[in-house]
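So the protein sequences, as listed, match chains A and C.
My numbering puts the first residue of the first sequence at 790, with every later residue one more than the last.
My numbering puts the first residue of the second sequence at 9, with every later residue one more than the last.
Beneath this line is the structure, given in C-alpha cells, with notes to follow.
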Amino acid sequence: MRLADLLQFNSRLLLRQWFRTLMILLATGVGVCAVLLLTGLGEGARRFVLDEFSLLGNDVLIVLPGRKETTGGLPPLTGEGTRDLTLEDALAVSRLPGVQAVAPLVVGLTMVNSGGRQRELMVVGTSAQFFTIRGLQLQSGLGLPVMPLDQVAPVAIIGTEVRQELLSEGPVLGAWLRAGGYRLRVQGLLQEEGVSLGTDMRKAVLIPVASAMQLFDTQGLFRLFVQVQNPDLIPQVRERIEQLIQARHGGELDITLVTQDAVLGVFNKILNLLTLSVAFIAGISLIVAGILIMNITLISVSQRTKEIGLLKALGAADKEIHWLFLSEAILLALLGSLLGVVVGYLVLWIAHTLWPLFPVAVPFWALSGAVGVALGVAVLFAWLPASRAARLPPVQALRGDLQNAQR
Amino acid sequence: MIRLEQLCKQYRLGGETVTALDQFTLEVSAGEYLSVMGPSGSGKSTLMNMLGLLDRPDSGEYWLNNTAMSTLSEEARAAQRNSQIGFVFQAYHLIDRLTARENIELPLVLKGEAPGQRRPQVQALLERLGLDRHADHLPHQLSGGQRQRVAIARAVIRKPALLLADEPTGNLDSHSGSEVIALLEGLNQEGITLLVVTHDQAMGERARRRLWMRDGQLISDSAGADHAAG
C-alpha cells in the first residue's frame, strides 16, 4: 500500500469518527502544549536571569561583603557580611592596577515626594561609572557627576515611572525631589528599561553614593562593581582585590568575589534543572495520552474486525494490517502534536505580547522531545493492538468473531 | 488449475471436534463453472475458505496453478489472494466509509498501484457493471443489488483466475439476484473459474458442474456422474 493511499484511508477513518479523533487530538495536544508552555516559561526564566547578569559584561567583578565558605551554593547576594565593605575600600580598589572603573552600590527604600505627591521608591546610591558598567542609557539630561566617591551632591537621575508618578506635570530636568529630608535636583531621565539585577530601574532614583550613605545612615556598601581593563585580567585583579581587602580588614578575607560567568553558571544549572523537571512532569500527560491511544486502537480493532478480515481476503499481508493500525496511531499523535505546538506557541506568543520583557522561548530539545515522546508513546501503545489485528485469522475476522479469532 | 488432495480440517466447537473437511479430493480445470451445495455444516464454507487461502488445512495439499499452497508463507498466500482469487460474499463486505469507486479499487491499492494506473481500470468496470452513476456513492446509498455488483467489481478488478462466491444472492430479491447471477456467469464465460457456494437449488443447478457435500465429504460430483454416464 502506498503512503498516500494509507494516509487517505486513515484520514477517512479519522474524519468518520470525528468525535473520537477530536478527543485523542485534544489529549495529545494538551500534553504537547503543556510541555511547550512549561519549558517555554522555564527557559524564559533562565534567559531572563542570564540576560540580567549578562548586562554586566564579562569584564566585571562583583565584590560582595561577607564570605561564602561552602561551595556549590549561591553567593551572599543579599550583601550581608560581618564587616562592612566601605567607600574607602572602593577607593582603594579603584587604585589597583588593571582596574578600569569601580561603581559602589548602596540601595534602600525611602519615601520620595515632589509637589505634594509622595511615593516609596528604591534609591540607588552609586557613581557615574555605574552607567557605563551597567549600560544604562539616558533619555534626556545628564548622568551622575564625575567626582570623588566620597563627595555628596544634591542631584538625582530618575526612572520613567518615577517621572510619571511624581513629575507628570511640568519639566523633569531641574525639578526638585525630596527624599528623607534631602533635596535632590533631577538632572537626568533614564530610558525605559525593565527590571535589572533585581532593581526595577523604571522605579529607581539614582543619586551619588556618598549622598545615599548619608540618606540611609550607613557605612557599608551593598556591593561593589569593578570593571577591569580587559577580561583576561580578571584572575589577577581578583587576586589583588582579595589581598587588598584582606590587608585592609585586619587579615580577614571577608568578601566574596563573583564573576559574571560564575553567577551565570549557577543560575544556568538551577534553571535548566527546573525546566527539565517541569518538562518531565508535563511529559507524564503524554503517557496518559498514549494509554488513551492504546484503548482507542483496541476498540478500533474490535470494531473493525470484519474490515480486517476483508482486507486480508483482498490480499493485505499481516504487516500491512499492522502498519495500518500503527499509522493511524502515528497520524493521531502527529496531528495532536501539531495542535499542541500551534496552541502552545500561540499562548507563548500572547504571553510575550502581554509581558514583552519576559523572554519566553521553547528550547529545541523541548519541542522535539515533546513531539518525539508523543509519537514514541503512540507507537509503543498502539503496537500491541496493531499486532493483535495483524494476527487475526481472516476467516474468523470476516465473521467478526473476535473472541475465537484470538490465537 | 486446482487440485485438492486428501484435505482435512477439524474444528473444536463447544468441546466437540467437528470434521469440516474429510479427506476431500477435487480437481478443477481453468474456466470451469461449479456450484457447491449441501446442508448447513456440510463443509461448503470451509471448502471455500481453503480454496480462497483464508484458512489452512490440518492435512492434505492444495495445488493452485501447480504450486503447493502449504509451502507458501502467510505473505505469499496474501499475494496469491490479491492476484489470483476474488471473493464475493453474501454480506457484500463493503467498507462503509469508502465510496463504490474506492471499494472497487481496494485490491489495486493493496497491490500498491498508482492512482493513475488504477483509475481507468476502475472506470471501465464501473461502466461495464452499470455503476458509473453510483461511483461516488457510499454503500448505504446503494441498493442491495448495486452493493453486490460493487463487491463483484472489487473481486474481479485484479482479473483473478478463480472467483469464489458465497451465497452471492442470499441477501437479494429475485430480480437483483438474477442480475448478479448473469453477471457472474458472464465473467465465467470470459475465462474466470467460478465456484458458487449456495443453498439455492435453482442457482446451483445453473452451474455446469455441481458438487454436493455432506459431513465434509464430496458425495456427488456432476462431472463424475457425467463421466459415469458417458
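All residues carry an ideal CB built from backbone N, CA and C; glycine is no exception.
The structure displayed is predicted, hence computed values, not measured ones.
Give me the chain C residues within the contact set of residue i, using Cβ-Cβ distance strictly less than 7 Å, ordered along the chain.
i, result
"A:Ala1105", "Ala86, Leu118"
"A:Met790", "Val117, Leu118, Gly120"
"A:Pro1183", "Leu62"
"A:Glu981", "The contacting residues do not exist; A:Glu981 stays about 59 Å from chain C at best."
"A:Glu841", "What A:Glu841 touches in chain C: nothing, since even the nearest Cβ is about 57 Å away."
Residues of chain A with a CB under 8 Å from the CB of residue i: which are they?
i, result
"C:Ile103", "Glu1096, Leu1099"
Listing by chain order, which chain A residues have their CB less than 7 Å from the CB of residue i?
i, result
"C:Phe95", "Ala1102"
For a contact meaning CB atoms closer than 9 Å, what does residue i contact in chain A?
i, result
"C:Pro115", "Leu1103, Gly1104"
"C:Gly23", "The contacting residues do not exist; C:Gly23 stays about 14 Å from chain A at best."
So, is the C-beta of residue i closer than 7 Å to a C-beta in chain A?
i, result
"C:Glu83", "yes"
"C:Asn179", "no"
"C:Arg20", "no"
"C:Leu319", "Since the first residue shown for chain C is 9 and the last is 238, residue 319 of chain C is missing from the structure and cannot be characterised."
"C:Asn90", "yes"
"C:Asn57", "yes"
"C:Lys17", "no"
State the beta-bridge partners of residue i as determined by DSSP.
i, result
"A:Phe1014", "A:Ile851, A:Ala892"
"C:Phe95", "C:Leu172"
"C:Phe32", "C:Leu15"
"C:Tyr41", "C:Leu202"
"A:Met900", "A:Glu909"
"A:Val944", "A:Arg974"
"C:Glu69", "C:Glu13"
"C:Gln225", "C:Arg222"
"A:Asp1107", "Its beta-bridge partners do not exist; DSSP assigns none."
"C:Glu24", "C:Leu21"
"A:Ala1186", "Note: A:Ala1186 sits in no beta bridge, so no partner."
"A:Leu1075", "A:Leu1075 pairs with nothing; no bridge assigned."
"A:Thr915", "A:Pro997"
"C:Ala76", "C:Trp71"
Where does residue i sit, in a helix, a strand or coil, going by DSSP?
i, result
"A:Thr860", "Since pLDDT at A:Thr860 reaches only 43, below the 50 mark, its modelled position is unreliable, and the value read off the structure follows with that caveat. The answer is coil: DSSP assigns A:Thr860 none of H, G, I, E or B."
"A:Arg972", "strand"
"C:Glu198", "coil"
"A:Trp1144", "coil"
"C:Gln18", "strand"
"A:Gly977", "strand"
"A:Leu966", "strand"
"C:Arg126", "helix"
"A:Thr949", "helix"
"C:Arg141", "helix"
"C:Thr206", "coil"
"C:Ile103", "coil"
"C:Arg89", "helix"
"A:Thr1043", "The question names Thr, but residue 1043 of chain A is Asp in the sequence shown. Reduced to three states, the DSSP call for A:Asp1043 is coil."
"C:Met58", "helix"
"A:Gln806", "coil"
"A:Asp840", "helix"
Just mark residue i as buried or exposed, buried being the case when its beta carbon has 16 or more other beta carbons within 10 Å.
i, result
"C:Leu62", "buried"
"C:Ile200", "buried"
"A:Thr859", "Its pLDDT being 40, under 50, A:Thr859 is placed unreliably in this model, and the coordinates cannot settle the point."
"A:Asp878", "buried"
"A:Ile1070", "exposed"
"A:Ala1167", "buried"
"C:Asp174", "buried"
"C:His235", "With a pLDDT of 40 at C:His235, under the threshold of 50, the modelled position of this residue cannot be trusted, and the question is left open."
"C:Pro47", "exposed"
"A:Lys1058", "exposed"
Could one say the Cβ of residue i lies closer than 7 Å to chain C's Cβ atoms, at least one of them?
i, result
"A:Val1090", "no"
"A:Arg801", "yes"
"A:Asp794", "yes"
"A:Thr1142", "no"
"A:Tyr1134", "no"
If the cut is a Cβ gap below 8 Å, which residues of chain C does residue i touch?
i, result
"A:Arg805", "Arg105"
Just to make sure I have the definition right: I need the residues of chain C whose C-beta is within less than 9 Å of the C-beta of residue i. Which are they?
i, result
"A:Glu1117", "In chain order: nothing, as chain C lies at least about 13 Å away."
"A:Glu832", "Within chain C, no residue comes near A:Glu832; the closest Cβ sits about 43 Å away, beyond 9 Å."
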